[in-house]
Amino acid sequence: MQIAFHIGANCTDEDRLLKSILRNADALLQQGIAVPGPGKYRALLRETIQSLDGATPARDSREILLDAFVEEDNVNRIILTNDNFIAIPKRVFDHGVFYHQTEAKVRGLCRLFPEDDVSFYFSMRNPVSYLQDVAKRAEAGNLSDYLGVFQPQEIKWSDVIKRIKRAAPDAQLYVWCNEDTPLIWEDLIRLQSGVAMDTPLSGQYDVLSRIISAEGVQTLEAIEMPHDRVARHNMIADLIEVFPLPEMMNETIDLPELAPKLIAAMSAGYENDLALIDQMEGVELILPFR
């Protein structure tokens, strides 16, 4: 069984990728790909991993879980997603470590499906906007109390990704930047779903349509998008440039602790971090225009 699990991060696509994939559920099922509703597995997986606490699962655990996830027969790939799988927002910086539960959660999942082909999918975003949103989601009174001994400039996605790979060295890991999703949304739908490349899709412009004007959406619906991946990215970029919705394109950073100098340093660090991630073995960074 192939198990494709989107495990975060918090405050990235907010289940939008799942919703876009679900728009194609019938076509996917015809190809043996199941997309169960989150209610069938999120709490069950969390409780199972917590109850095991690192122990080896019972011999029949896998079958019990798969039967709970999927009712259909002849399924060879299951799509799972949970932005809060590694940690809920309030616990992201527990013990002074960025996503300190990463290895325990990933290793626990792999122990449940030891003979299956498990792959992981992980979305990142600029640490500045990420920190602002995750702190708000955690209802943090102030940034210092929320972070504890951790410092904002210490947010490195590469650290999290290294720990995912350390916990699951044989699993393929796909990562991308949330800022790029309007351009690569179709790529992500096809990648996680595993659908045949010649299968027509619905929902491939769900993110793009949120950040361009009504005129832009009309233009999008009227044009024929090229099949070539890079050509498609270029055409989408042109639509964003010509028909932007400024209020959807610009993020306001209003956390008082994030001074302009710190914002610049964190953003520069993000670019350097992406270059490092791009060189990691067993990790595929999905970027547009290439």
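Residues in the sequence shown are numbered from 1 upward in steps of one, following our numbering. Yeah, the Cβ is synthetic: ideal placement off N, Cα and C, and Gly gets one too.
With a 10 Å radius around the Cβ and a threshold of 16 neighbouring Cβ atoms, residue 166 comes out exposed. Excluding five sequence positions before and after residue 161, the CB atoms of its chain that fall closer than 8 Å to its own CB belong to 122, 173, 175, 277, 280 and 283, given in chain order.
In this structure, residue 79 sits away from residue 138, with a CB-CB distance that is not shorter than 8 Å. The continuous beta strand (DSSP E) containing residue 121 extends over residues 117–124. When the alpha-carbon of residue 220 is set against those of 229, 237, 92 and 290, the nearest one is in 237. Scanning its chain for C-beta atoms nearer than 6 Å, with the 5 sequence neighbours on each side dropped, one finds around residue 149 the residues 96, in chain order.
Residue nearest to residue 13 within the set 163, 155 and 134 is 134 (criterion: CA-CA distance). In the three-state reduction of the DSSP assignment, residue 172 falls in the strand class. Where residue 283 is concerned, the enclosing beta strand (DSSP E) starts and stops at 283–286. In the structure shown, residue 240 falls within a helical segment according to DSSP collapsed to helix, strand and coil. For the options 147, 287 and 76, the alpha carbon positioned closest to that of residue 98 is the one of 147.
In this structure the stretch 22–38 does not touch the stretch 103–113; the number of beta carbon pairs closer than 8 Å is below three. Look at residue 80 here: in three-state DSSP terms it is strand.
For residue 5, there is no enclosing alpha helix (DSSP H); the residue is found in the beta strand (DSSP E) stretching over 2–6. Going by C-alpha positions, residue 72 is about 35 Å away from residue 226. Residue 198 is not a Cβ neighbour of residue 185, given a cutoff of 8 Å. Boundaries of the alpha helix (DSSP H) harbouring residue 69: 61–69, taken from the DSSP string.
The Cβ neighbour count for residue 8, taken over all protein chains shown within 10 Å, is at least 16; the residue is labelled buried. Of the residues 27, 136, 241 and 70, the one whose Cα lies closest to the Cα of residue 90 is 136. For residue 269, the enclosing alpha helix (DSSP H) covers residues 260–277. Residue pairing for residue 177: DSSP places it in a beta bridge opposite 124. In the three-state reduction of the DSSP assignment, residue 86 falls in the coil class, being assigned neither a helical nor a strand state. CA-CA distance, residue 128 to residue 113, rounds to 36 Å.
In the three-state scheme derived from DSSP, where H, G and I count as helix and E and B as strand, residue 33 is classed as strand. For the 8 Å CB-CB criterion, residue 4 and residue 192 form a contact. The Cβ atoms of residue 212 and residue 20 lie no closer than 8 Å to each other. By DSSP's assignment, residue 212 forms a beta bridge with 244. Between residue 269 and the set 154, 255 and 181, the nearest pair of CA atoms involves 154.
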